[in-house]
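Visitor: Here it is, the structure in full.
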Amino acid sequence: MAIEKTAPAIELINVSRRFLSPTGKSLTAIRDFTMTVERGEFVAVVGPTGCGKSTTLNLVTGLASPSAGEVRVMGAPVKGIDPRIGFVFQTDALFPWRTVIENVMAGPLFRGKPKAQAQASARDWLARVGLARFEQHYPHQLSGGMRKRVALAQTFINGPEILLMDEPFSALDVQTRVLMHEELLRLWSEAKASVVFVTHDLEEAIALADKVYVLTAGPATVKSVYTIDLPRPRVVADIRYEQSFIDYSRTIWADLKEEVETSYARAAA
Amino acid sequence: MTDATINISSANFRPGTSDAEIEAAAAKAAAHRRHTVTFWRLAILFVFLGAWEIAGRMAWIDPFFYAMPSTIAGRLYEWITEGTSEGPLWYHLYVTMEESVLGFVTGSVAGIIIGVALGRNRMAADIFSIYIKLINSIPRVVLAPIFIMILGLGLASKVALAFVMVFFVVFHNAFQGVREADRAMIANARILGASDWQLTRSVIVPSAMSWIFASLHVSFGFAIIGAIVGEFVGSRFGIGLLINIAKGSFDAAGMYAAIVIVMVVALGAEYLMTLVENRLAKWRPQPLHETQ
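Okay, here's the thing in structure tokens:
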């Protein structure tokens, strides 16, 4: 299959998605949305709150299907949940009744791997995210940053070729967030996955991504795309003080600000 | 640069405020609190029983109807050592327990299975909800004569009554628990690769478990009610039969003695349930200060 090899990891082609509100009204979350993510590329999606950023991710997972347009993963249209996809959630989606290691083992076990193999692999991933000593703890015994690390291990253990992240670090304090950025970039550079990272934090987007998509206020469509040409490996804690980072930040913010203001004015109206 | 260095080891505590002293004081206060609680619990029990006994002996209340703690204790002793007029006490207790336990187990298993199934299937839930509401609106005990007519005086009719007492409570909680399962957690499991069955078994049921357990606590008591009411209405053995016979012979002490037996059994069951729940729920955060 020659097409399989060369096709981009994710393509959204003129996609629209409508919802029915609880009162039975049809609402458009995203319209005429086109985005391409190349293999191994790190793409960040920024936009005003509630504009439909998360919807784009749900379309790629197959948890939601488009009302119009086409969503392709590795060159093939999305049909149901694709096993090559990993997803890191904004909220805590760990299973609280399972220990840390049982949480990390969940993916391989669901996929029919033998228990011993799943356990060995989970140990390996816990060591990689620095939680080897916390195998037998329950999620409630860990800090927010540690729980996010468990979530990363839980996702990466399945060896995803595509990694979707929905504001994964927004609930963490600023210092922990920077540590998690470093952790994520390290895991990503080892795993060679394609990433779509949804966030409302522009600096986070610039620090991490190869490309930043700016969305309009809802219904969301792509307003502009910026290629971030900062050298890798990046040191997230320091990169924000570099002149080129500040320039990117200023340019993109000027663009994003309009949409944020539109969205804010609409919410206030 | 700062030139004020803080040396923690030489920090001066006010006397009586070191860590060890604070901890010792807290432990002492907790022990004192425990003793006070135990003391008042026992005191209230003794005052209540004493007042009852005195009121009976002074003929302020008629011991013929209200009995007295001493006559109740006497009747219990007699039942335990010599057996009841209907045969050994242990056999009656065994019969009632057998009915309750069978009704409890079948009722809660059926309640969990059907509750989870309807909780997972919105269409089926919408169709059946009206019938469940209808049946649920029947006061359960009026079913006792019907079950006895159909199933006879033996075990089956009491188990059936205990079953319907338990089923609806557990069903409602299991159903609600499934509905309350966290959506992000479900999406996470599906993306991690869980099939529908794996999702139900390893995400939906465990997350509904705290709801289900809350219902199991009350429903063992309901199972005992079902068994005893069934025995009232018609039976050859059981604690309910003992109460019925005591009523027929105006034996107040016998009735209260049977109630005491049921109380002890229900408390024991509750205690066991809490032990099981604590074992299963060790993943839950513990409160920082345990009372009791």
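Just so you know, the sequences run in chain order A and B.
Residue numbers are given in the UniProt record's numbering: position 130 of the first sequence equals residue 130, and the series is strictly consecutive.
Residue numbers are given in the UniProt record's numbering: position 226 of the second sequence equals residue 226, and the series is strictly consecutive.
For every residue, glycine included, the Cβ atom is placed at its ideal position computed from N, Cα and C.
1. When the Cα atoms are used, what is the spatial distance from D201 (chain A) to V46 (chain A)?
2. Check each candidate in A:P83, A:S224 and A:L185 and name the one with the smallest Cα separation from G193 (chain B).
3. For a test of the three-state rule: what should DSSP assign to S18 (chain B), helix, strand or coil?
4. Pairs of beta-carbons, one from the region 268–276 of chain B and one from the region 84–97 of chain A, closer than 8 Å: are there three or more?
5. In chain order, what residues of the same chain lie with their CB nearer than 8 Å to the CB of N103 (chain A), ignoring the 5 residues before and after it?
6. Would the beta-carbon of G52 (chain A) fall within 8 Å of that of I30 (chain A)?
7. Determine, using beta carbons only, whether A64 (chain A) comes closer than 8 Å to chain B.
8. P219 (chain A) versus chain B: which residues are under 9 Å apart at the beta carbon?
9. With burial defined as no fewer than 16 other Cβ atoms inside 10 Å of the residue's Cβ, what is the status of G16 (chain B): buried or exposed?
10. Could you work out which residues of chain A lie near G193 (chain B), taking near to mean beta carbons separated by less than 9 Å?
11. If you draw a straight line from the alpha carbon of L27 (chain A) to that of L20 (chain A), how long is it in whole angstroms?
12. Using the C-alpha atoms, what's the distance from V205 (chain B) back to V116 (chain B)?
13. Excluding the 5 residues preceding and the 5 following I243 (chain B) in the sequence, name in chain order all residues of the same chain whose CB lies nearer than 6 Å to its CB.
14. Roughly how many whole angstroms lie between the Cα atoms of E259 (chain A) and T216 (chain A)?
15. Are the C-beta atoms of W197 (chain B) and some chain A residue less than 8 Å apart?
16. Which residues does DSSP list as the beta-bridge partners of S26 (chain A)?
17. Note down, in chain order, every chain B residue with its Cβ under 9 Å from the Cβ of Y138 (chain A).
18. Secondary structure at I3 (chain A), three-state DSSP: helix, strand or coil?
19. What would DSSP say about F33 (chain A), mapped onto helix, strand or coil?
20. What residue range does the alpha helix (DSSP H) around F89 (chain A) cover?
21. List the whole-angstrom C-beta distance separating I245 (chain B) from S100 (chain B), where the pair is believed to meet the contact cut-off of C-beta under 8 Å.
22. Taking the alpha-carbon positions, what's the L49 (chain B) to A67 (chain B) distance?
23. Could you please tell me which residues of the region 5–39 of chain A, in chain order, have their CB closer than 7 Å to any CB of chain B?
24. Can you pull the chain B neighbours of Q117 (chain A), defined as C-beta to C-beta under 8 Å?
25. Measuring CB to CB, does V145 (chain A) end up less than 8 Å from L172 (chain A)?
26. With DSSP as the reference, please indicate the residues paired to S194 (chain A) in a beta bridge.
27. Exposed or buried, M165 (chain A), counting other C-beta atoms within 10 Å across all chains shown (16 or more means buried)?
28. Mapping DSSP to helix, strand and coil, what is V78 (chain A)?
29. Using a Cβ distance threshold of 8 Å, determine whether the region 228–246 of chain A contacts the region 192–207 of chain A, with at least three qualifying pairs required.
30. Chain A partners of V205 (chain B), CB-CB under 9 Å?
31. Answer with yes or no whether the minimum CB distance from R140 (chain B) to chain A is below 8 Å.
32. Counting only the same chain and skipping the five closest in sequence on each side, list residues whose C-beta sits under 6 Å from that of L163 (chain A).
33. Could you check whether the region 227–239 of chain B touches the region 86–97 of chain B, counting it as contact only if at least three pairs of C-beta atoms, one from each stretch, sit closer than 8 Å?
34. Counting only Cβ-Cβ distances shorter than 8 Å, please list the residues of the region 171–189 of chain B near chain A, keeping chain order.
Guide: In short:
1. Computed Cα separation, rounded: 7 Å.
2. When only C-alpha atoms are compared, the closest one is A:P83.
3. It is coil, neither helix nor strand.
4. The region 268–276 of chain B vs the region 84–97 of chain A: no contact.
5. Answer for N103 (chain A): L94, F95, P139, V150 and Q154, listed in chain order.
6. Against a cut-off of 8 Å, the Cβ pair of I30 (chain A) and G52 (chain A) comes out as a contact.
7. With its beta carbon at least 8 Å from every one in chain B, A64 (chain A) lies outside the interface.
8. Listed along chain B, no residue sits closer than 9 Å to P219 (chain A) by beta-carbon distance, the nearest being about 23 Å off.
9. Classification of G16 (chain B): exposed, given that the 10 Å Cβ count is below 16.
10. The answer, in chain order, is I81, P83, A106, G107, P108, L109, F110, R111, G112 and N158.
11. L27 (chain A) and L20 (chain A) have their alpha carbons spaced roughly 6 Å apart.
12. Rounded to whole angstroms, the gap between the alpha carbons of V116 (chain B) and V205 (chain B) is 7 Å.
13. The residues are M255 and A258.
14. Linking E259 (chain A) to T216 (chain A) through their CA atoms gives a straight-line distance of about 6 Å.
15. Judged by the 8 Å Cβ criterion, W197 (chain B) is not in contact with chain A.
16. According to DSSP, residue pairing for S26 (chain A) in a beta bridge involves A:L20.
17. Within chain B, K282, W283, R284 and P285 have C-beta atoms less than 9 Å from the C-beta of Y138 (chain A), given in sequence order.
18. Caution is warranted here: a pLDDT of 49 is assigned to I3 (chain A), below 50, making its placement in the model unreliable, and no coordinate value can be reported.
19. It is a strand residue.
20. No residue range can be given for F89 (chain A), since it is assigned to no alpha helix (DSSP H) and is classified by DSSP as neither H nor E.
21. Contact doesn't hold; Cβ gap of about 20 Å is too wide.
22. Rounded to the nearest angstrom, the two C-alpha atoms are 11 Å apart.
23. Against chain B - using a Cβ distance shorter than 7 Å - the region 5–39 of chain A contributes no residues.
24. Per Cβ cutoff of 8 Å: no residues; Q117 (chain A) is ~15 Å from chain B at best.
25. Inspection of the sequence shows that residue 145 (chain A) is occupied by Gly rather than by Val. It is a contact, given that the beta carbons lie within the stated cut-off.
26. Bridge partners of S194 (chain A): A:I162.
27. By the 16-neighbour rule on beta-carbons within 10 angstroms, M165 (chain A) is buried.
28. Judged by DSSP in its simplified three-state form, V78 (chain A) adopts coil rather than helix or strand.
29. Yes, the region 228–246 of chain A is in contact with the region 192–207 of chain A.
30. Within chain A, no residue has its beta carbon less than 9 Å from that of V205 (chain B); the closest one is some 10 Å off.
31. Judged by the 8 Å Cβ criterion, R140 (chain B) is not in contact with chain A.
32. Close CB contacts of L163 (chain A) within its chain, under the 6 Å cut and outside five residues either way in sequence, are with G86, A193 and V195 (chain order).
33. These segments touch.
34. Those residues of the region 171–189 of chain B placed with their C-beta closer than 8 Å to a C-beta in chain A are D182, A184, M185, A187, N188 and A189, ordered along the chain.
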